[in-house]
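See structure below.
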Amino acid sequence: MGIVGTVALTMGFVLGYLSSSSNHVTSTWASSSTATTLKPVIFVAPTTSHRTTSAPSDVQIPQLQSYNAASSSNSSQEASSVPVKGIFGLGAIAAAGLMLFKGQNKVNDQNAVDLESVWSMAASGAGKTIRIATRKSPLAMWQAEFIQSELERLYPGIKVELQPMSTKGDKILDSPLAKVGGKGLFVKELETALLERRSDIAVHSTKDVPMELPDGLVLGIICKRHDPCDAIVFPKGSSLKSLNDLPKGARVGTSSLRRQCQLLLKRPDLQFLELRGNVNTRLAKLDSGDYDAIILAAAGLKRLGFSDRVLPGETNIIDPNDMLPAAGQGALSIELRTDDPDTMALLMPLHHIPDAVTVCCERAMNRRLSGGCQVPISGFAQLKNGELRMEARVGSVTGSGPLIIKSKTIPFDHSSKPWTVVQKEAEALGVEVADMLLKDGAQAYLDEAYDKQDVGVGRSGTQAK
């Protein structure tokens, strides 16, 4: 494409030269013998939101002249042919500019988008069908329907099919996830459908996706992140407004070791009770009196429309300084096959680079620590004002020691580099913070967690009931 563009550009300039080299002519817009010309017209290539591509060089269209056929008898015949030459020259230059623009706008990495095919599909839908594997829970269905609506908005005429599935994690509700296999239980059936080509993509809550994926699959798309924080939710009619309002010895429903471990630092008097099921089920148990409060992801409450559970002023949204979120919390992600570049190109407009930077940084930290449900690991990255800050915490599953907390901030530019480069730099920071944790003794906590059968944070070495 670049060679053809160069040839066309050269032809344009040759024809342009031939059209203006014979004689100086007077502009019809001039009031005197001094020729007047138009200022160069600058064509600036449009940018695509959330894309990390290098902008092509501006294409300048040479100055245009109008010709006065009455300037002389000798130039009259030539003037009649010059506009034709000029038109051909301008046409060649315009064609060159278009080809160069299209050629330079292709991202030179594994997630490269063929803009021409995307534009074509956007115009017609191309009869494409996308099958989305999803869990059956109300929150999972909301997330899949959200991606469905976004694809239909981007590509009129596209057909998007939802494929609800029951996972093992949805069926085992009487045991903590850490004891029955971790969060991978929520995605295995979906990943199997992808690998068997029964589905094209799977939509996930990123915090539920294991750090290691099966061969042939990639978490290729990170969507714009919603609220990453946790929320403490009280029964309907309660006058309590925040974590500080909980009475001494309150019963708090959460199966998350991460949440338990961090809450004990602020409120060592609390009792933790097992809590499983979808959001609706958990809220029903809370209102029936099984708990004094439960902890849920704020994003899930907001997505499902439980506005009455988010208090005025969001006083029950827990500050990240008090409870650091899980890696990837609040972000939707899309998993697909690595051998399906067409679908990857189709999905790229949903890839939100700034939030993908923070999520990749967090997941790299967790992956380095072999994190899962068995270990109280939290990680939260923030990209602000040209800096990327990563903080991570590791705790003891027995509550026998303090949290280990490490953080680091680095200058970070994500706007002028290919996504693959940006991703590697973000992941490098996550790994570095993980190594800081290990250096400060986190490995002992990790070993303790994976050796222990009945995991749960307690006080004085006993499990909380």
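Per mature numbering (1 follows the signal peptide of the UniProt record, and there is no 0): the sequence shown = residues -16 to -1, 1 to 449.
Glycine included, C-beta positions come from ideal geometry on N, C-alpha and C.
Source: prediction; values computed, not measured.
{"Check": "Would you call G289 buried or exposed, if buried means 16 or more other Cβ atoms sit within 10 Å of its Cβ?", "Outcome": "exposed"}
{"Check": "Run through DSSP, which three-state label would V202 get?", "Outcome": "strand"}
{"Check": "Who are the Cβ neighbours of M349 in its own chain at under 6 Å, not counting the five residues just before and after it?", "Outcome": "G363, A376, G414, V417, A418"}
{"Check": "In the DSSP assignment, the beta strand (DSSP E) including P148 goes from what residue to what residue?", "Outcome": "143 to 149"}
{"Check": "Give the single residue among I318, P338, D306 whose Cα lies nearest to the Cα of Q244.", "Outcome": "D306"}
{"Check": "Please classify I394 as buried or exposed, where buried requires at least 16 other C-beta atoms within 10 Å of its C-beta.", "Outcome": "exposed"}
{"Check": "Helix, strand or coil for D158? Go by DSSP, reduced to three states.", "Outcome": "Here the model assigns D158 a pLDDT of 49, short of 50, so the residue's position is not dependable, and the following value carries that caveat. Residue state, collapsed to three classes: coil."}
{"Check": "Excluding five sequence neighbours on each side, which residues of the same chain lie with their C-beta closer than 6 Å to the C-beta of L224?", "Outcome": "F218"}
{"Check": "My assumption, with CB atoms under 8 Å, is that I278 sits in contact with G237. Please give the rounded CB distance.", "Outcome": "4 Å"}
{"Check": "If you draw a straight line from the C-alpha of L(-8) to the C-alpha of P402, how long is it?", "Outcome": "Summary for L(-8): the model assigns pLDDT 44, below 50, so the residue's position carries little reliability, and this model does not support an answer."}
{"Check": "Suppose the cutoff is 8 Å on Cβ atoms and the five residues either side in sequence are ignored; what does the same chain contact list for I301 look like?", "Outcome": "D211, C213, D214, A215, A282, V294"}
{"Check": "Would you report the Cα separation of Y139 and L421, rounded to the nearest angstrom?", "Outcome": "45 Å"}
{"Check": "If M149 and A128 are in contact, beta carbons under 8 Å, what's the gap, nearest whole angstrom?", "Outcome": "That belief does not hold up - the Cβ atoms of M149 and A128 are roughly 11 Å apart, past 8 Å."}
{"Check": "Does any residue of chain B have a CB that is nearer than 8 Å to the CB of P231?", "Outcome": "The structure shown contains no chain B; it holds only a single protein chain."}
{"Check": "Since I believe E134 is in contact with R115 (beta carbons under 8 Å), could you give me their beta-carbon distance rounded to a whole number of angstroms?", "Outcome": "About 16 Å; that fails the 8 Å criterion."}
{"Check": "Which term fits R242, buried or exposed, when burial requires 16 or more other beta carbons within 10 angstroms of its beta carbon?", "Outcome": "buried"}
{"Check": "Under 8 Å Cβ to Cβ from T299, same chain only, skipping five residues before and after it: list those, please.", "Outcome": "K225, S226"}
{"Check": "For V187 versus L203, is the C-beta spacing smaller than 8 Å?", "Outcome": "no"}
{"Check": "Give every residue of the same chain whose Cβ lies closer than 8 Å to the Cβ of L123, excluding the five residues on either side of it in the sequence, and list them in chain order.", "Outcome": "S189, N262, V263, G284, R287, L288"}
{"Check": "Which term fits E411, buried or exposed, when burial requires 16 or more other beta carbons within 10 angstroms of its beta carbon?", "Outcome": "buried"}
{"Check": "Rounded to whole angstroms, what is the Cα-Cα separation between E432 and L254?", "Outcome": "23 Å"}
{"Check": "May I ask you to list the residues that DSSP assigns as paired with V236?", "Outcome": "F256, A277"}
{"Check": "Buried or exposed for G297, please, with buried defined as at least 16 other CB atoms from any protein chain shown within 10 angstroms of its CB.", "Outcome": "exposed"}
{"Check": "Can you name the start and end residues of the alpha helix (DSSP H) that V341 belongs to?", "Outcome": "337 to 352"}
{"Check": "Tell me which same chain residues have a C-beta within less than 7 Å of the C-beta of L259, skipping the five on either side of it?", "Outcome": "G237, T238, S239, R266, I278"}
{"Check": "Are K220 and D271 close, meaning C-beta to C-beta below 8 Å?", "Outcome": "yes"}
{"Check": "Do you know offhand how far G425's Cα is from G385's?", "Outcome": "11 Å"}
{"Check": "Who are the near neighbours of V341 in its chain, counting only those whose CB is closer than 7 Å to its CB and skipping five residues on each side?", "Outcome": "L367, L372, H398, V406, A410"}
{"Check": "Which residues in the same chain have their Cβ closer than 8 Å to the Cβ of R209, if we skip the five residues on either side of it in sequence?", "Outcome": "G314, A315, H336, D339, T342, V343"}
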